[in-house]
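Trainee: Here it is: the structure, laid out below.
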Amino acid sequence: MKYPDITLGRVEAVWNKLGGEEGVDRFLRNELSVSEPTRSWLEEDGVIYFSVTSDGTTGEDWIKRLEGNCFRVRNYAKQVLRSPDFKPTNGMTTEVAVLKGMLFEDNDRITKKIRAEADKRKLSKPNAELVCLIREKFTDKEIAAMGLIWIVAMHEPVHDSDGDPRLLSASRGGTGQWLDADDDFRPDN
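Using our numbering, read the sequence shown as starting at 20 and increasing by one per residue.
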């Protein structure tokens with residue numbers, strides 16, 4: 020037999036993936052093709068790379084845009100987006116490098132050490148709007164495929180209404196696709 024590991028179950032699974040009998044017939048007539056899915060990101064040595072392009076969306080408009088597309092925006096994130104320190108850009112393409120947590124020991128996963136690693140790699144500090152672009156670009160399923168639960172941008176902290184410095188983050192979870200703002204004032208940061 021040409022394919023010794025073939026089973027009826029595997030044949031049926033392929034048959035079903037092609038769309039049943041009609042799909043198989045279309046495939047055999049070259050009317051249907053099979054291609055490998057493409058990802059809009061690349062992972063190499065614990066760093067995830069991708070790019071995003073800004074479009075001039077203001078903080079207030081990000082709130083409307085994200086919530087209008089079923090994303091959830093936490094109150095602290097709204098405060099950051101409404102801050103005069105949130106400065107959107109237009110037409111700027113950012114080459115993003117996400118440093119995965121696996122690159123750091125548990126006790127070293129703090130802002131100051133992450134920033135030091137980014138500096139060592141000659142990565143520039145992003146604009147805060149980057150997280151909005153990331154949240155919109157990737158589904159929770161894609162963030163999970165990256166091996167991540169959340170992505171925190173190491174932008175210049177933006178102060179909330181209490182004056183506390185915050186970093187925007189995109190997170191996934193059972194309760195929805197979130198845009199959040201994490202504190203940047205811990206003593207160990």
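For every residue, glycine included, the Cβ atom is placed at its ideal position computed from N, Cα and C.
Note that the structure is predicted; figures quoted are calculated from it, not measured.
Taking K144 and E175 to be in contact with their CB atoms under 8 Å, please state how far apart those CB atoms are, rounded to whole angstroms.
Mentor: Reading the sequence shown from its first residue, position 125 is the one you call residue 144. Reading the sequence shown from its first residue, position 156 is the one you call residue 175. About 6 Å separates the two Cβ atoms, so the contact holds.
Trainee: Suppose only complete runs of 3+ residues qualify. What are the beta strand (DSSP E) ranges in the region 130 to 183, listed by chain order?
Mentor: Counting whole runs of 3 or more residues, the region 130 to 183 contains the beta strand (DSSP E) stretches 169 to 171.
Trainee: Smallest Cα separation from D201: which of Y95, R29 and L142?
Mentor: Here residue 201 is taken as the residue at index 182 of the sequence shown, counted from 1. It is Y95 whose Cα lies nearest to the Cα of D201.
Trainee: Going by DSSP, name the residue or residues bridged to I67.
Mentor: Here residue 67 corresponds to residue number 48 of the sequence shown, with the count starting at 1. Partner(s): E62 and V117.
Trainee: Please report the distance separating the alpha-carbon of E41 from that of K21.
Mentor: As a position in the sequence shown, residue 41 is number 22, starting the count at 1. As a position in the sequence shown, residue 21 is number 2, starting the count at 1. Taking the straight line joining both Cα atoms gives about 26 Å.
Trainee: Are the CB atoms of V33 and V99 nearer to each other than 7 Å?
Mentor: Sequence index remark: in the sequence shown, residue 33 carries index 14 (1-based). Sequence index remark: in the sequence shown, residue 99 carries index 80 (1-based). The answer is no: Cβ separation not under 7 Å.
Trainee: Near K83, what residues of its chain come up, given a Cβ to Cβ distance below 7 Å and the 5 sequence neighbours on each side ignored?
Mentor: For the purposes of this step, residue 83 is taken as residue 64 along the sequence shown, with counting starting at 1. There are no such residues.
Trainee: What is the DSSP secondary structure of D216, reduced to helix, strand or coil?
Mentor: Any question about residue 216 goes unanswered here, given that the chain covers just 20 to 208.
Trainee: What does the Cβ neighbour count give for M173, buried or exposed, with the cut at 16 atoms within 10 Å?
Mentor: The sequence position of residue 173 within the sequence shown is 154, counting from 1. The residue is buried, with at least 16 neighbouring Cβ atoms inside 10 Å.
Trainee: Have a look at G166 and T108 and give me their C-alpha separation to the nearest angstrom.
Mentor: For the purposes of this step, residue 166 is taken as the residue at position 147 of the sequence shown. For the purposes of this step, residue 108 is taken as the residue at position 89 of the sequence shown. Using only the alpha carbons, I get a separation of about 29 Å.
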